[in-house]
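The block underneath contains the structure these notes are about, expressed in structure tokens.
There are 2 protein chains.
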Amino acid sequence: MVDILGTLSQEMDGLSRSEQRIAGIIFDDRPFAVNASIIELAARAEVSPPTVTRFCRRLGCQSFSEFKVRLAQSAFIGQRYEEPQSNATNVQEVVETILTRAQSVLHSLHDHLDMDAIDAAATAIAKADMVYAFGSGGNSSLFAGELQNRLFRLGLRTSSSNDHSMQLMTASTVSANDVVIGLSISGRNRELVRALDVASGYGAKVITISKPNSLVAETAATNIGIDLAEGVDVLRPSSARFAFLAAIDIVAHLVAIKRKDLAIEPLRRIKSQLVTHRDGDDSQPLGD
Amino acid sequence: MVDILGTLSQEMDGLSRSEQRIAGIIFDDRPFAVNASIIELAARAEVSPPTVTRFCRRLGCQSFSEFKVRLAQSAFIGQRYEEPQSNATNVQEVVETILTRAQSVLHSLHDHLDMDAIDAAATAIAKADMVYAFGSGGNSSLFAGELQNRLFRLGLRTSSSNDHSMQLMTASTVSANDVVIGLSISGRNRELVRALDVASGYGAKVITISKPNSLVAETAATNIGIDLAEGVDVLRPSSARFAFLAAIDIVAHLVAIKRKDLAIEPLRRIKSQLVTHRDGDDSQPLGD
DNA sequence: CGAATTTATGTAAATTATTTTCTTGTTGAT
DNA sequence: ATCAACAAGAAAATAATTTACATAAATTCG
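Those protein sequence lines, which keep their order, are chains A and B.
So the number in the working numbering is just where the residue sits in the first sequence, counting from 1, plus 37.
So the number in the working numbering is just where the residue sits in the second sequence, counting from 1, plus 37.
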């Protein structure tokens with residue numbers, strides 16, 4: 038089930054004037070919208086009740102009350118309606134802007150993710166002899182590290198690198214049952230492309246998480262496509278990272294499921310080491 | 038707003054037989070209860086609609102629809118953190134579970150984030166002579182790297198370390214206008230605590246992003262508290278990471294605003310280097 | 001530019017959901 | 001056994017929501 042307010046914020050342009058007025062009230066005063074009857078909501082938006090019904094239908098709900106329930110469940114933060122987005126300067130606004138954008142990114146990921154690619158990637162990784170994760174630059178090298186961080190726990194032999202020369206050399210040593218994962222937001226990292234091509238030439242299965250149809254994506258047997266417009270404000274951190282991390286989470290979780298029996302023991306050992314050598318609290322996440 | 042399901046389980050004894058039957062259905066099948074009309078719910082509990090109305094009133098709601106909204110809110114919060122675990126084995130479900138949880142984490146961050154701490158942290162960082170970011174373990178070392186990745190772009194001298202010995206040695210070299218940022222999900226990283234204490238002793242301003250009231254948090258002049266219950270399923274990646282990254286994004290963005298004039302030039306230079314040495318596409322995020 | 005068509009929206013009627021009122025039945029104390 | 005007090009349903013009243021239809025606005029196309 039998808040978050041209704043996430044959907045709403047994406048569909049905004051497709052709405053008519055009256056419908057946008059309704060949406061405005063919903064973003065502006067969620068407590069009111071959640072508790073109001075269709076008549077009250079219609080009155081406040083200065084539209085007729087049937088318009089509200091139509092509005093709900095357009096968002097994929099079968100009735101107004103279904104819409105209300107979904108609205109009540111929504112975890113979407115959303116910004117005050119009037120706010121012109123990017124000149125937010127006070128703390129409250131920055132917090133709202135960044136969290137809302139992160140949520141929107143996750144929401145749109147939900148719509149665009151290629152489930153088959155995800156599944157193919159997880160299947161290949163789960164039975165790999167060795168997994169290599171390659172990425173460079175401020176963001177993608179973080180992703181490569183993260184992939185290693187997730188996969189080694191599942192008892193997979195994993196190595197990550199953000200160094201082009203190492204990637205190239207490593208790629209020359211792979212064998213047929215290995216998986217090489219290439220990460221790139223832009224999809225234009227030519228050094229990475231070279232390394233992936235080499236790995237592919239030596240028979241490794243190449244998986245990428247990158248922009249669809251990009252240079253990097255073209256090198257892969259399976260590409261998990263992530264394509265999100267970045268804002269223009271250079272001061273604003275790129276929220277694509279949330280999408281990449283979520284994609285990595287999803288793949289890693291699926292690998293964990295596919296390797297369930299193999300993964301339990303390494304996880305148990307890691308936990309036991311941490312608990313023994315730290316301070317015996319068993320309830321913490323695995324690794325700080 | 039009180040949690041209606043909590044209220045319900047407390048009031049259980051005070052309910053009549055019919056009302057308990059209604060309660061039973063609500064506990065048993067919340068998706069049904071949340072979507073059903075009063076007639077459907079009454080039919081399933083084999084009671085009459087007025088009995089359902091009375092039931093809602095007894096729980097402090099003014100009407101059935103108010104009850105339903107409250108139920109939707111509280112049921113969903115439970116549902117979000119509760120494990121739909123073992124049955125989430127197909128790709129679609131895993132994707133939804135992970136994205137929903139990530140979104141919920143961001144939502145709850147929005148509710149709990151201490152704006153004053155955020156602002157104080159950003160102010161201190163923005164005018165620091167040098168910024169050190171310390172974190173260890175699979176997750177927190179990633180955060181430390183991320184913090185460096187964000188801050189160096191703003192023309193701040195920044196260094197990060199995930200090595201306890203280095204942290205300790207580095208902490209011995211700090212001076213009064215430096216800022217040291219400690220990162221820890223659990224708040225129990227004793228080696229980090231030691232390094233932060235040392236840095237603090239030499240006059241640096243210590244900021245932490247960690248669990249409120251934890252050992253790590255106690256060392257700081259300013260702690261940005263993040264406390265999110267982790268699921269119990271060891272196979273599932275910890276979604277606290279999204280909260281930490283979002284917090285880092287927020288702080289970094291505020292620093293960027295506070296340093297606006299100082300930050301533009303380094304950003305321009307980074308971009309120009311990337312564009313010159315890669316392939317002239319100006320529309321990409323800063324760094325792959 | 002203006003007719004034709006589509007789309008958006010409101011009004012009023014029909015339907016459905018919910019609550020109120022009233023009645024009956026049940027339980028348990030005296 | 002009788003009376004209170006409570007529980008719960010039936011039917012009626014009310015309120016909310018949707019449907020069907022009509023009209024106005026916007027858009028397309030000649």
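From the three backbone atoms N, C-alpha and C, an ideal C-beta is built for every residue, glycine too.
In this text the structure is predicted, and so the values were computed from the model without any measurement.
| Query | Result |
| --- | --- |
| Going straight from the alpha carbon of Lys308/A to that of Leu252/A, what length do you get? | 40 Å |
| So is Glu133/B in contact with chain A if we call contact Cβ pairs under 9 Å? | yes |
| Figure out for me which residue from Ala300/A, Arg95/A and Leu146/A has the closest Cα to the Cα of Lys248/A. | Leu146/A |
| Which same chain residues, not among the five before or five after Ser237/A, have their C-beta less than 6 Å away from its C-beta? | Val243 |
| Taking a Cβ distance cut-off of 7 Å, strictly less, list which residues of the segment 154-167 of chain A are near chain B, in chain order. | Ile155 and Asp156 |
| What whole-angstrom Cβ distance do Leu42/B and Ala70/B have, given they're in contact under 8 Å? | Wrong, their Cβ atoms sit about 10 Å apart, outside the cutoff. |
| Any C-beta of chain B sitting closer than 9 Å to the C-beta of Arg94/A? | no |
| Just to confirm, are Ile329/A and Gln140/A a CB contact at a threshold of 9 Å? | Outside the shown range of chain A, which is 38 to 325, sits residue 329/A, and nothing can be said about it. |
| What's the call for Asn176/A, buried or exposed, on a 16-neighbour Cβ count within 10 Å? | buried |
| Taking 9 Å as the CB-CB cut-off, is Phe69/A touching chain B? | no |
| Just the C-alpha distance for Ser100/A and Asp151/B, rounded to the nearest angstrom, thanks. | 38 Å |
| Checking 9 Å against the spacing of the C-beta atoms, do Leu45/A and Phe180/A come in under that value? | no |
| In its own chain, which residues sit with a C-beta less than 6 Å from the C-beta of Asn250/A, not counting the 5 before and 5 after it? | none |
| Give me the Cβ distance between Phe219/B and Leu229/B, rounded to the nearest whole Å; I'm assuming they're in contact under 8 Å. | Note that residue 219/B corresponds to Gly in the displayed sequence, not to Phe. Yes, they are in contact, since the Cβ atoms of Gly219/B and Leu229/B sit about 5 Å apart, within 8 Å. |
| Just checking: is the beta-carbon of Phe279/B within a distance shorter than 9 Å of some beta-carbon in chain A? | yes |
| Along chain B, in chain order, which residues have C-beta atoms closer than 7 Å to that of Gly115/A? | In chain order: nothing, as chain B lies at least about 10 Å away. |
| Along the segment 207-223 of chain A, what residues have a CB closer than 8 Å to any CB found in chain B? | Ser221, Ile222 and Ser223 |
| Are Val131/B and Ile59/A close, meaning C-beta to C-beta below 9 Å? | no |
| Which residues of the segment 96-112 of chain A have a Cβ closer than 9 Å to any Cβ of chain B? Give them in chain order. | Ser102, Glu103, Lys105, Val106, Arg107, Leu108, Ala109, Gln110, Ser111 and Ala112 |
| Measuring straight from C-alpha to C-alpha, what distance separates Leu304/A and Asp234/A? | 33 Å |
| For Asn214/B, count neighbouring Cβ atoms within 10 angstroms of its own Cβ and tell me buried if that reaches 16, exposed if not. | exposed |
| Is it true that the CB of Ala154/B sits closer than 9 Å to the CB of Asn260/B? | yes |
| With DSSP as the reference, label Leu52/B as helix, strand or coil. | coil |
| Relative to the C-alpha of Ser197/B, which residue among Arg81/B, Gly61/B, Ser173/B and Ser209/B is closest? | Ser173/B |
| Run through DSSP, which three-state label would Asn127/A get? | coil |
| Give the secondary structure of Gly224/B by DSSP, where H, G and I count as helix, E and B as strand, and everything else as coil. | coil |
| Just to make sure I have the definition right: I need the residues of chain A whose C-beta is within less than 9 Å of the C-beta of Asp40/B. Which are they? | Here the premise fails: no neighbours, minimum Cβ distance about 13 Å. |
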